[in-house]
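Participant: Would you mind keeping the following structure in view while I ask a few things?
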Amino acid sequence: MIANQLSIFAENKPGRLAAVTKILAKEKINIRATTISTSDTFGVINLLVDDPKRAMAVLTKAGMMVSLREVLAVLIEDKPGGLDRLTQLVAKENINVNNAYGFVLESSEKAIFVVEVDQTKKTEALLEKHGFRTLDTEALSAIEPFHYMKY
Amino acid sequence: MYWDEREETVEQARLQETQMEGLRETLRRAQGSSYYRDLFKDRRLQIDDIRKLADIEMLPLTTKDDLREHWPWGFVAVAREELIRMHSSSGTTGRATVIFHTANDIKAWTHLVARSMYMTGMRRGDVFQNMMTYGLFTGGLGFHYGAEEIGALVIPAGAGNSKRQIQLICDFGTTFIHIIPSYALYLSTVFDEMHVDPRKDTKLKAAFIGAEPHSEKMRRTIEDLYGFKAYNSYGLSEMNGPGVAFECPCQNGLHIWEDQFLVEIIDPLTGKPLADGQEGELVMTTLKREGMPLIRYRTKDLTRIIPGPCDCGRTHRRIERIKGRTDDMMIIKGVNIFPIQIEKRLMEIPGVGTNFLVLLDREGYDDYMNVQVEVKREFFTGDLKQLEKLRRRIVEELKSDILITPRVDLVAPDSLPKTEGKAVRVIDNRKD
Ligand SMILES: [Zn+2]
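Residue numbers (the working numbering), protein chains in the order written: chain A, 62 to 212; chain B, -1 to 430.
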């Protein structure tokens, strides 16, 4: 499954992230994870949200420059070695990771590791073959409120 | 094809004879103004000393400061009751200058605007929407009168209110528009928002673009966005306003109407005349104006005369699109730079949006140039590396043209300041 990540252009000055979260809060869009990558004078805010298409529409309407990117949200076990199994596999297959970040769903239970790679489809197939579960946007938004992982 | 064939295709030799008659008449009329009467007396100049066109070099240049100092009546050469119209220049610094017209002046001006518009294909029955500010600014009434003279249906829309502009274009089948180039770029985004395709859903045939210097690339961008021809219009209120020089269908330089203006190009630093083909400051003398004749007026606009005849058959010489203004020129680390040079470079780089802003700062004895560039919305994919690459490319391209290394910032589309749709290009924070 492939998930959508929201990337927002931001000038490197105070209040840019706050401006984004304010709009999303008003629209009751839930943010699941955030990373910011910056260069000298500008940066990109990456967001995983429960409704990326609507988030893109409202942010664009507010004048922001927004793009939807395909990422893989991989379910991993939140215990020593959980992430290592994934990164070893990716390294072994020579897949270039452009951006990666993670967040814990249930302490000591499950975590989501988000990876941005050059060949999303190929990587997805590889991960599924090795028993990893990747989540799409719907699955991601369904998780949190219901402690979905505890089944 | 011609509004007046005899006038527009007159032989250069005959044209020069008319110019000489016009010049003599202007010198005679100018004696009616206190400014020129005193000036001629102080310099011991006699009208009879001017025997041929080249003798004009003996006469002093007139500057905008002269107009300001002798504001408001010092240049008026006729009785006050002869004046029927005043206009004012859109000066950004100091007191605005005023220009007065007699009834004949308005007629002569209207004739030039009609000639210019007709040249691009406007005819009786066309619908002309004028998106310029009406009022003291000459771009409103100047074009308005010219279009009426041709017999077009004129929609005096005025500036701004983008959605209404588009509504008018659609409702009344507008075929020609007059628009500021940076506003044309902005308006195309409003067309998108309203889901109206200017290429398919309108009857637009052509646009007249002027009132701010722009590059060839910017013109082509506008033509692509709208699917029409965009003709460059040049004018300044001191020489009436629009209708001074205008592009013909060849779109290779602007015919400057030499039956009403005597044209010189001078070196802006020394004031010495330059030959055809050489770039310098445009200097103009009115040949038919009654109310306020001006002799050797420094336009502060930089251009050159394009040597050789034009394929359209008109004999009036052509000037190249304005390269910049002598007072827009920035001097940074001893290098002369014009905003139009920066614009030209930027517009050639894929990913660059519609606006940019140059900030000049001084730290100690060193000057710094910071260029903020809007990114094109479609270019952004969320990839930081791609943005960094664009930024580096802009630095390199600018460096190769202006010879100093600017600091370049990328900013979001539509985030840079605009005043009345006209882009602000340079902010100089250096203190002397
Ligand atoms: Zn021509």
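We treat Cβ as the ideally placed atom computed from N, Cα and C, and that holds for glycine.
If you're wondering where the values come from, they're calculated on a predicted model, not measured in any experiment.
First and last residue of the alpha helix (DSSP H) that includes Leu105 (chain B)?
Facilitator: Per the sequence presented here, residue 105 (chain B) reads as Lys, with Leu not at that position. Here the alpha helix (DSSP H) through Lys105 (chain B) covers Ala101 to Met117.
Participant: Give the interface partners of Arg507 (chain B) over in chain A, defined as CB-CB distance under 7 Å, in chain order.
Facilitator: In the structure displayed, chain B extends from -1 to 430; residue 507 (chain B) sits before or after that span and is not available.
Participant: Could you pull out every residue in the same chain whose Cβ sits closer than 6 Å to the Cβ of Phe126 (chain B), ignoring the five residues on either side in sequence?
Facilitator: Ala145, Ala150, Val152 and Phe174.
Participant: Pop quiz: Ala134 (chain A) and Leu196 (chain A) are said to be a contact at Cβ under 8 Å. What is the actual Cβ separation, rounded to whole angstroms?
Facilitator: Between Leu196 (chain A) and Ala134 (chain A) the Cβ distance is about 5 Å, and since that is below 8 Å, they are a contact.
Participant: Using beta carbons (cut-off 8 Å, strictly below), is Val176 (chain A) in contact with chain B?
Facilitator: For Val176 (chain A), the answer is no, since every Cβ of chain B falls outside 8 Å of its Cβ.
Participant: Can you find a heavy atom of ligand 1 that lies under 7 Å from the Cβ of His253 (chain B)?
Facilitator: Yes, the beta carbon of His253 (chain B) sits closer than 7 Å to at least one heavy atom of ligand 1.
Participant: Opposite Glu361 (chain B) in the DSSP bridges: which residues?
Facilitator: Paired residue(s): B:Asp364.
Participant: Whose C-alpha, out of A:Lys140, A:Asp139, A:Lys114 and A:Lys190, is nearest the C-alpha of Ser128 (chain A)?
Facilitator: When each option's Cα is compared against that of Ser128 (chain A), the closest is A:Lys114.
Participant: Assuming Thr301 (chain B) contacts Ile320 (chain B) (C-beta within less than 8 Å), just tell me the rounded distance between them.
Facilitator: Thr301 (chain B) to Ile320 (chain B), Cβ: 5 Å. Contact.
Participant: Please identify the residue among B:Trp1, B:Thr219, B:Met130 and B:Ala77 whose C-alpha is closest to the C-alpha of Thr118 (chain B).
Facilitator: Of the listed residues, the one whose Cα sits closest to Thr118 (chain B) is B:Trp1.
Participant: Can you grab the Cα-Cα spacing for the pair Phe207 (chain A) / Glu138 (chain A), in whole Å?
Facilitator: Its pLDDT being 37, under 50, Phe207 (chain A) is placed unreliably in this model, and the coordinates cannot settle the point.
Participant: Pick from B:Ile340, B:Asp325, B:Ile402 and B:Arg360: whose alpha carbon is nearest that of Glu279 (chain B)?
Facilitator: Of the candidates B:Ile340, B:Asp325, B:Ile402 and B:Arg360, the one whose C-alpha sits nearest the C-alpha of Glu279 (chain B) is B:Asp325.
Participant: State the beta-bridge partners of Arg35 (chain B) as determined by DSSP.
Facilitator: Paired residues: none, contrary to the question.
Participant: Enumerate in chain order the residues of its own chain whose CB-to-CB distance from Ala101 (chain B) is below 6 Å, with the five nearest sequence positions on each side excluded.
Facilitator: Around Ala101 (chain B): Ile82.
Participant: Who are the near neighbours of Cys246 (chain B) in its chain, counting only those whose CB is closer than 7 Å to its CB and skipping five residues on each side?
Facilitator: Result list for Cys246 (chain B): Met117, His253, Cys308, Cys310 and Arg312, in chain order.
Participant: Relative to the C-alpha of Met317 (chain B), which residue among B:Tyr295, B:Gly349 and B:Glu277 is closest?
Facilitator: Per the sequence shown, the amino acid found at residue 317 (chain B) is Ile instead of Met. Taking only the C-alpha atoms, the option nearest Ile317 (chain B) is B:Glu277.
Participant: What would DSSP say about Lys387 (chain B), mapped onto helix, strand or coil?
Facilitator: Helix.
Participant: With H, G and I counted as helix, E and B as strand and the rest as coil, what does DSSP make of Tyr184 (chain B)?
Facilitator: DSSP places Tyr184 (chain B) in helix when its eight states are reduced to three.
Participant: Along chain A, which residues have their Cβ under 7 Å away from the Cβ of Glu386 (chain B)?
Facilitator: Near Glu386 (chain B) (Cβ distances below 7 Å), the residues of chain A are Ser100.
Participant: Which chain B residues are close to Arg130 (chain A), counting only those with a beta carbon under 9 Å from its beta carbon?
Facilitator: Those are Thr379, Gly380 and Asp381, listed as they occur along chain B.
Participant: Hey, is Val152 (chain B)'s beta-carbon within less than 8 Å of any beta-carbon in chain A?
Facilitator: It does not; no Cβ of chain A falls within 8 Å.
Participant: For Val105 (chain A), decide whether its Cβ has a neighbour in chain B, counting only Cβ atoms nearer than 8 Å.
Facilitator: Chain B contact via Cβ: present.
Participant: Between Thr223 (chain B) and the rest of its own chain, which residues show a CB-CB distance below 6 Å, the 5 nearest in sequence each way excluded?
Facilitator: Checking the displayed sequence, the identity of residue 223 (chain B) turns out to be Leu instead of Thr. Taken in chain order, the residues that qualify are Ser186.
Participant: Here's a check: name, in chain order, each residue in its chain whose Cβ is nearer than 7 Å to the Cβ of Gly322 (chain B), leaving out the five neighbours to either side.
Facilitator: Correct list, in chain order: Pro211, Leu300, Phe336, Pro337 and Ile338.
Participant: Applying the criterion that 16 or more other CB atoms from any shown protein chain within 10 Å of the CB defines a buried residue, is His176 (chain B) buried or exposed?
Facilitator: Classification for His176 (chain B): buried.
Participant: Answer with buried or exposed for Asp112 (chain A), where buried requires no fewer than 16 other C-beta atoms within 10 angstroms of its C-beta.
Facilitator: Flag for Asp112 (chain A) reads buried.
Participant: Given that Glu19 (chain A) touches chain B, what residues does it touch there, using C-beta distances under 7 Å?
Facilitator: A query on residue 19 (chain A) cannot be resolved here, the shown segment of chain A reaching from 62 to 212 and no further.
Participant: Counting Cβ pairs closer than 8 Å, one from the region 279 to 288 of chain B and one from the region 19 to 26 of chain B, do we hit at least three?
Facilitator: Yes: at least three Cβ pairs fall under 8 Å.
Participant: Reducing DSSP to helix, strand and coil, say where Leu414 (chain B) ends up.
Facilitator: Three-state DSSP puts Leu414 (chain B) in coil, outside helix and strand.
Participant: Helix, strand or coil for Asp407 (chain B), going by three-state DSSP, please let me know.
Facilitator: Three-state DSSP puts Asp407 (chain B) in a strand.
Participant: Measuring only from the beta carbon, is Arg27 (chain B) closer than 7 Å to any heavy atom that is part of ligand 1?
Facilitator: Not under cutoff, so the answer is no.
Participant: Which residues of chain B have a Cβ atom closer than 7 Å to the Cβ of Phe193 (chain A), listed in chain order?
Facilitator: What Phe193 (chain A) touches in chain B: nothing, since even the nearest Cβ is about 24 Å away.
Participant: Let me check you understand the geometry: is the CB of Arg312 (chain B) closer than 7 Å to at least one non-hydrogen atom of ligand 1?
Facilitator: Arg312 (chain B): yes, Cβ under 7 Å from ligand 1.
Participant: To be precise: take each residue of the region 395 to 412 of chain B, compare its Cβ to all Cβ atoms of chain A, and keep it if any distance is under 8 Å. Which residues remain?
Facilitator: Residues passing the 8 Å Cβ filter: Asp407, Leu408, Val409, Ala410, Pro411 and Asp412.
Participant: Note the first and the last residue of the continuous alpha helix (DSSP H) segment covering Lys190 (chain A).
Facilitator: Looking at the DSSP string, the run of the alpha helix (DSSP H) that includes Lys190 (chain A) is Thr181 to Lys190.
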